[in-house]
Amino acid sequence: MTELFPPPPIKPLERIQVQDGLLMNADRWRRAHDYHHKRQSVHYQSLNQPGIVCGLGVRLITAPTEVQAQYRDERWLQVQPGIAIDLVGNPIVVPEPIDYRIASENQTQDSLIVYLVVSYVDPEKLRRKEQREIVQETFRLDEKISPPGELEVELCRILLSSDAVKLENTTDVFFPGFNNIDLRYRNQARSRPQSVVTMAQVNLSQQPDPQTFSNLSYLLQSVAVLYPAMEGADEVGQVDLQPGEKEEKTKLSDYDLLFLKYQHSQSPKARQWVILQEYLKSGGVLLVEASTEGTAIKELVALQQELKKAIADLEGMGNRTYLGYQNAAEETELSTIQQELETELAATNTEIAQEISNFSQIFQEFAQKLGTSLEPLEQLDRNFPLRIQPFLFAALPAINEQPLHIFMGGGIIVVLGNLSAAWGLSENLSLSRETIRTAQEMGINVLHFAWRRRQMMQLLQQNSKSVSESSRPVPKKQRTVKSILDELAE
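What follows is the structure in structure tokens.
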């Protein structure tokens, strides 16, 4: 699961200035060690993310015989030995199995999620009856009904039913149900990605398109696999650009990219144009996708494909003539037909270009309302980031034999074609793996461009307030792609 963990605080470190004659007492010794601890924490938090290193499995057990009879129920777990590391680099070592009873009670008619977490305990903060020269760093196991805190590492979660709780092993670890141990959300300790890119779907109507939302989620899931230096956030946001909401502007600032599915019957209202314009000025990117369904473009492209195929077939027959399988008269006839097809193909290409130009005029007017203009990607520098970073595209991909056409300008990306339809699973599961992978790589190029543009523009606009705000912890996000457990919790 992707978590957006905060960077270390922007605060200079302080250390003891050592001089001859300096008296070393317990306080100074502690401060000297504290400096190295903080330095290590900054290093770890800058380059790594917290999580489980090894072990720390969770299994069901029968109640221990030494506990009181009232607690001998089927709520007992055993945490296996292992190692984890928290956000600031503190090692959490569980040296031996620990028996633990889930004590939470569900007092409602709905289900309740209980989280089992482990955290580091500083021995300096423990009250001890006697002073020791050597103390052992330790840990704490807790169960809670709120998501894990920043310094806590999740071991498992359990969806408690509203009736009597009896913990059971799940029959499918990928889809646990009520009262089952759920290990799917455990984080592994690993290196920190360069960025976690965020995206939201713009809904100008009251009913968002669930299929588009699902495809956007699939795209974010693919980012870490195809381009590990960047990760997609766990959820796709939803924004409606309502001018009356005071938090709308703040909400938009959370996203690197806004996705808008263009429809002729819907258009932003006057105040919504202003909101989008402010979003673009802050560094955000607006991706507008317009389908060519129902336009002359789709029919002309189909004709173009047929002409290309016919010309290729004729060229193959010409090769047979070259090898002596056909006479000169047939060769002349084939040559004449091929010339006619090539002439028709050239005319079709011209007509397609004209139709695309006419269709794109709608989005030129769209962009002008946002204070910018659009240019075809083909007319931009061949090393334009959207074309080469992180994946190289000489020609734009085609979805269902319909080539994409991209126009750009001022933070706006307009895609003519159904690019998002190939980011996820189609209804009839007909898209090939190659088509999906190519479309996802193009989508990652869009996400990378959006993140990079926003990052650089915010660095140019950044002030002391934004610096201090950027050092604050970022709230963790929950998954959006729902599993059976998530659906049961609703």
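If you use our numbering, the sequence shown corresponds to residues -9 to 480, in order.
All C-beta atoms, glycine included, are put in the ideal place defined by N, C-alpha and C.
From a predicted model like this one, the values you see are computed outputs, not experimental measurements.
Pull the bridge partners of residue i from the DSSP assignment, please.
i: ASP89; result: GLN68
i: GLY227; result: ALA190
i: MET398; result: GLU365, ILE403
i: GLN39; result: ARG180
i: TYR105; result: LYS134, ARG147
i: GLU142; result: SER109
i: LYS298; result: Answer by DSSP bridge pairing: none, since LYS298 is not bridged.
i: LEU277; result: PHE249, ILE403
i: GLU158; result: ASN170
i: PRO81; result: ILE75
i: PHE129; result: TYR110
Roughly how many whole angstroms lie between the Cα atoms of residue i and residue j?
i: GLY274; j: ILE73; result: 40 Å
i: ILE301; j: ASN418; result: 32 Å
i: ARG18; j: ILE6; result: 8 Å
i: PRO200; j: ILE124; result: 59 Å
i: ILE82; j: THR128; result: 7 Å
i: ASP303; j: GLU334; result: 16 Å
i: GLN256; j: LEU293; result: 31 Å
i: HIS26; j: GLU140; result: 21 Å
i: ILE434; j: GLN448; result: 21 Å
i: GLU279; j: ALA337; result: 27 Å
i: GLU86; j: MET398; result: 59 Å
i: LEU50; j: GLU158; result: 7 Å
i: LEU209; j: PHE203; result: 10 Å
i: LEU248; j: LEU276; result: 5 Å
i: SER325; j: ASN339; result: 21 Å
i: GLU120; j: ARG20; result: 19 Å
i: VAL53; j: ARG174; result: Position check: residue 53 holds Ala in this sequence, whereas Val was assumed. For ALA53 and ARG174, the distance between alpha carbons rounds to 25 Å.
i: VAL107; j: ASP132; result: 5 Å
i: TRP538; j: LYS359; result: In this structure the chain extends from -9 to 480, so residue 538 is not present and cannot be described.
i: PRO366; j: GLU323; result: 40 Å
i: ILE327; j: VAL213; result: 48 Å
i: LEU394; j: MET446; result: 28 Å
i: ALA440; j: ALA93; result: 46 Å
i: LYS33; j: VAL111; result: Sequence check: residue 33 is His here, not Lys. Whole-angstrom Cα-Cα distance: 20 Å.
i: GLN379; j: ARG442; result: 10 Å
i: ASP24; j: GLY11; result: 22 Å
i: ALA260; j: SER109; result: 51 Å
i: GLY361; j: PRO2; result: 42 Å
i: PRO183; j: SER136; result: 26 Å
Grouping DSSP H, G and I as helix and E and B as strand, with all else coil, what is residue i?
i: PRO(-4); result: coil
i: ASP172; result: strand
i: VAL32; result: helix
i: ALA292; result: helix
i: ASP112; result: coil
i: ARG147; result: strand
i: ALA214; result: helix
i: ALA286; result: helix
i: ASP153; result: coil
i: GLU424; result: helix
i: ARG5; result: coil
i: GLN232; result: coil
i: MET14; result: coil
i: GLY47; result: coil
i: SER410; result: helix
i: LYS466; result: Low local confidence applies: a pLDDT of 44 at LYS466 is under 50, so the model's placement there is unreliable, with the coordinate-based value given in what follows. Looking at LYS466 - three-state DSSP - the assignment turns out to be coil, as it is neither helix nor strand.
i: ALA219; result: coil
i: PRO258; result: coil
i: ILE124; result: coil
Whether or not the stretch 145 to 155 and the stretch 182 to 201 are in contact is what I'm after, with contact meaning three or more pairs of Cβ atoms, one per stretch, closer than 8 Å; do they touch?
Two segments are said to touch when three or more pairs of C-beta atoms, one from each, lie closer than 8 Å; by this definition the stretch 182 to 201 does not touch the stretch 145 to 155.
How about the stretch 163 to 180 and the stretch 211 to 219: do they share at least three Cβ pairs that are nearer than 8 Å?
The stretch 163 to 180 is not in contact with the stretch 211 to 219.
Do the stretch 41 to 48 and the stretch 131 to 145 make contact, defined as three or more Cβ pairs closer than 8 Å?
The stretch 131 to 145 and the stretch 41 to 48 touch, with three or more beta-carbon pairs separated by less than 8 Å.
Could you tell me whether the stretch 259 to 277 touches the stretch 394 to 408, using the rule of 3 or more Cβ pairs below 8 Å?
Taking 8 Å as the limit for Cβ pairs, the verdict is that the stretch 394 to 408 does touch the stretch 259 to 277.
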